[in-house]
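I have placed the structure first, in the form of structure tokens, so that the comments after it can refer back to it.
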Amino acid sequence: MTLITSTIPAPEAPQYRPSGVMKSEWTKIRSVRSTTWTILVTVVLTIGIGVIATATEANRWAHATPGDKLSFDPTSVSLTGLLLGQLAIGILGVLAISAEYGTGTIRSSLAAIPNRKMFLAAKAGVFAAVALVVGEVVSFGAFFIGQMLISGGAPHATLGQSGVLGAVAGGGLYLAVLGLLALGLGTIIRHTAGAIAAFVGVLLILPLLTPALPQSFQNAIGKFEPANIGSAMVTVNPHVTHGSITTFSPWVGMAVLAGYAAIALAVGGYRMVRRDA
Amino acid sequence: MIEVTGITKRYGETVAVDDLSFVVKPGQITGFLGPNGAGKSTTMRMIMGLDMPDAGETKVNGIPYPGLAWPLREVGALLEANAIHPGRSARNHLLQLAQTNDIPQSRVDEVLDVVGLSSVANKRAGTFSLGMGQRLGIAAALLGDPSVLLFDEPINGLDPEGIRWVRNLLKGLGREGRTVFVSSHLMSEMALTADHLVVIGRGRLIAEMPVAEFIAQSSQQFVRVRTPQAELFKEAMSSSGATVVREEDGALSVAGVSADVIGDIAFEQRLTLHELSPQMASLEEAFMELTQDSVDYRGEGGFSADPNLVHNNDPVHAGTKVSTR
Chain A
88 MTLITSTIPA PEAPQYRPSG VMKSEWTKIR SVRSTTWTIL VTVVLTIGIG VIATATEANR
148 WAHATPGDKL SFDPTSVSLT GLLLGQLAIG ILGVLAISAE YGTGTIRSSL AAIPNRKMFL
208 AAKAGVFAAV ALVVGEVVSF GAFFIGQMLI SGGAPHATLG QSGVLGAVAG GGLYLAVLGL
268 LALGLGTIIR HTAGAIAAFV GVLLILPLLT PALPQSFQNA IGKFEPANIG SAMVTVNPHV
328 THGSITTFSP WVGMAVLAGY AAIALAVGGY RMVRRDA
Chain B
300 MIEVTGITKR YGETVAVDDL SFVVKPGQIT GFLGPNGAGK STTMRMIMGL DMPDAGETKV
360 NGIPYPGLAW PLREVGALLE ANAIHPGRSA RNHLLQLAQT NDIPQSRVDE VLDVVGLSSV
420 ANKRAGTFSL GMGQRLGIAA ALLGDPSVLL FDEPINGLDP EGIRWVRNLL KGLGREGRTV
480 FVSSHLMSEM ALTADHLVVI GRGRLIAEMP VAEFIAQSSQ QFVRVRTPQA ELFKEAMSSS
540 GATVVREEDG ALSVAGVSAD VIGDIAFEQR LTLHELSPQM ASLEEAFMEL TQDSVDYRGE
600 GGFSADPNLV HNNDPVHAGT KVSTR
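Same order as they appear, the protein sequences are chains A and B.
Be aware that the first sequence starts at 88, since it is given in my numbering, and climbs by one per residue.
Be aware that the second sequence starts at 300, since it is given in my numbering, and climbs by one per residue.
Structure below.
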């Protein structure tokens, strides 16, 4: 008979606690390949698209109309890739929870941590930290590489210019908050494909439907769309227009976006607590 | 110690578990027996605090599961085979569980060694066979050195060597004074492993008793007799209170008296006997009979349409449960 009994040191705390659960969540997120892949895709898309967009705009500078020159925003152009990077980080957010339901590990997780609110909060916290680091790295990376490519007379931005640092940092924050929104959707829907479809629907399909609405509604609804909030956040040049939409100011927009993520996570958490695992 | 008190669980119209109560005591192996779909897994999930009963309550070591201070250090469970992220290594799967309950990393390697997975500890679990997945699940259950262990169909997918290993492991755990609760749909397996039985059918308690008592109570004994003087033999036996039934092959089965008495009577009446052999109905048959009315899904013509199926005691080929959840 093999040795089963062992001497596990008695725990120091009176009961299981968030620090242990967060360590566990960190182990989970770093130990699967899908994390590496989704982060890699986020980096490649955000920086790659940013590079292409910036290079193209800079090349056009010589032939640009005065109007185009006036509304040229080197910061936001270099961050164009966030539009695609947000999809990859969203997939990472969805998978963080939907993979637990898909594989059945949710049951061993909740058996180890019966406090489901603590479980979800720790998961969201660790994911948010990872997503924020990734978001800031790609946002600053896309900005710096993009600015280096601007030459031939087109103006380029520096972090010291008014509003630029906030826009670039805001771009990273935007990715992290959208990732949390995706995590919330994943918690509500529990299925990977369904949650990703919902996330893409909110980000990309809703904006396509807005133009079908009467003009007055377009503005009222359009300013609440994540994509418009995001583009306002990374825009420094006041001459840039967002179609016919009067956007929220960057930090109000940020708060609205954070509200979406908070609502999705709260609804998901409520369902998780109330329903069978 | 596991206490289940009056739990009921409904899924829409279906009552999966119906006012079920029983106690699982430490220091012995308690088999949780019932046909597929009887509500065994649902009951185990309710004990683990994963599913909420519509009525009643469950306690582990006197406390409802969600109130346990360090759940993995008190309760270990194998609830379903291969509930493992296929992309995560065996070691990382165990490590992330250990970290939730402040269990040191050294224990991870220890349990990997116990279940014999040390050499594949860094391989992704998706590459594992069903049997290896099962061993990893057992390793997870042992992680916190818990006093209470639940295993849902632990031998599913194991080869004969693996089955023997699980059997010995369970017995070892029981000997160490732990509470061991093992579900199975195979009576023969429980007869070999368990000390005590909780039998359910359609979510209701059918029996709760020591295995030995269950066997004694439910095994039908009869004596098989072959004689060229069947009619005279029947007549002779009728006075002794025995019941005689003619089998298809011409032999007689006699119930109610022992082989000794039959032999004596035949000798007194000068009857020729060609066969006199005491028989015992298999445990599996006894179990079938007991749960006959409580089997949810059965093939046309009933369970015993194919005698090979009834007598198939080979757990290796027993049905693996497919989760629909």
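A virtual CB, placed ideally from N, CA and C, is assigned to each residue, including glycine.
Would you mind working out which of B:Leu-371, B:Asp-350, B:Val-323 sits nearest A:Met-359, comparing C-alpha positions? The residue with the shortest Cα to Cα distance from A:Met-359 is B:Asp-350.
Just checking: is the beta-carbon of B:Leu-416 within a distance shorter than 8 Å of some beta-carbon in chain A? no
How would you call A:Ala-307, buried or exposed, if buried means at least 16 neighbouring beta carbons within 10 angstroms? exposed
Curious, which full-length alpha helix (DSSP H) runs of at least 4 residues does the segment 167-194 of chain A contain? 169-190
Looking at A:Pro-96: is its Cβ nearer than 8 Å to the Cβ of B:Pro-445? no
Pull up the DSSP beta-bridge partners for B:Phe-321, would you. DSSP lists B:Val-303 as partners of B:Phe-321.
Determine the contact status of B:Ile-499 and B:Gly-338, defining contact as a CB-CB distance below 8 Å. yes
Cβ closer than 9 Å: which chain B residues qualify as neighbours of A:Ser-121? Gly-386
Is DSSP giving A:Val-289 helix, strand or coil here? Judged by DSSP in its simplified three-state form, A:Val-289 adopts helix.
Min CB distance B:Ile-514 to chain A below 8 Å: no
Of all Cβ atoms in chain A, is any one closer than 8 Å to the Cβ of B:Val-303? Not one chain A Cβ lies under 8 Å of B:Val-303.
Residue-chain proximity (A:Ala-100, chain B), Cβ-Cβ < 8 Å: When Cβ-Cβ separations below 8 Å define contact, A:Ala-100 makes contact with chain B.
Which residues in chain B have a C-beta closer than 8 Å to the C-beta of A:Pro-366? List them in chain order. The structure shown has nothing for residue 366 of chain A, since chain A only spans 88 to 364.
Under 8 Å, CB to CB, which of the residues in the segment 372-385 of chain B have a partner in chain A? When C-beta distances to chain A are compared with 8 Å, the residues of the segment 372-385 of chain B below that value are Arg-372, Val-374, Ala-376, Leu-378, Glu-379, Asn-381, Ala-382, Ile-383, His-384, Pro-385, in chain order.
Whole-angstrom distance between B:Val-323 and B:Glu-509, CA atom to CA atom: The sequence given here places Pro at residue 509 of chain B; Glu does not occur at that position. If I take the Cα positions, the gap works out to 12 Å.
Beta strand (DSSP E) containing B:Pro-509: first to last residue? Run containing B:Pro-509: 503-509, per the beta strand (DSSP E) assignment.
Does the Cβ of B:Val-615 have 16 or more other Cβ atoms within 10 Å, making it buried, or fewer, making it exposed? Low local confidence applies: a pLDDT of 39 at B:Val-615 is under 50, so the model's placement there is unreliable, with the coordinate-based value given in what follows. Label assigned to B:Val-615: exposed.
Cα-Cα separation between A:Asn-315 and A:Leu-170, rounded to whole angstroms: Straight-line measurement puts the Cα of A:Leu-170 at about 10 Å from the Cα of A:Asn-315.
Continuous beta strand (DSSP E) assignments of at least 3 residues falling wholly in the segment 419-476 of chain B: 447-451
Helix, strand or coil: which one does DSSP assign to A:Val-150? Rather than Val, the amino acid found at residue 150 of chain A in this sequence is His. A:His-150 falls in the helix class under three-state DSSP.
Quick check on DSSP: helix, strand or coil for B:Thr-571? coil
Taking only beta-carbon atoms, is B:Leu-491 less than 8 Å away from chain A? Judged by the 8 Å Cβ criterion, B:Leu-491 is not in contact with chain A.
Does B:Gly-348 have its Cβ less than 8 Å from a Cβ in chain A? Cβ-Cβ to chain A under 8 Å: yes for B:Gly-348.
Return the chain-ordered ranges of every beta strand (DSSP E) run that is complete within the segment 354-380 of chain B and spans a minimum of 3 residues. 354-359, 374-377
Assumed close pair B:Asp-458, B:Gly-430 - CB separation to whole angstroms, cut-off 8 Å: 6 Å
Give a yes or no on whether the C-beta atoms belonging to A:Gly-266 and A:Phe-214 are separated by under 8 Å. yes
Secondary structure of B:Arg-406, DSSP reduced to three states: helix
For B:Phe-566, does the three-state DSSP call read helix, strand or coil? Helix, per DSSP.
Please look up how many angstroms separate the CB atoms of A:Val-323 and A:Ala-198, rounded, as I've assumed it's under 8 Å. 50 Å between Cβ atoms; not a contact.
Nearest CA to the CA of A:Tyr-188: which residue from A:Leu-246, A:Phe-304, A:Leu-352, A:His-278? A:His-278
Residue range of the alpha helix (DSSP H) that includes B:Thr-478: Counting along the chain, B:Thr-478 falls outside any alpha helix (DSSP H), though it belongs to the beta strand (DSSP E) covering 478-483.
Please say whether A:Leu-296 and A:Glu-312 have beta carbons closer to each other than 8 Å? no
Between A:Leu-270 and A:Ile-184, which are expected to be in contact by the criterion C-beta below 8 Å, what is the C-beta distance as a whole number of angstroms? 6 Å
Per-residue DSSP class, three states only, for B:Val-498: strand
Can you look up B:Arg-387 in the DSSP assignment and give me helix, strand or coil? Here B:Arg-387 sits in coil by DSSP.
At which residues does the beta strand (DSSP E) containing B:Gly-330 begin and terminate? 327-332
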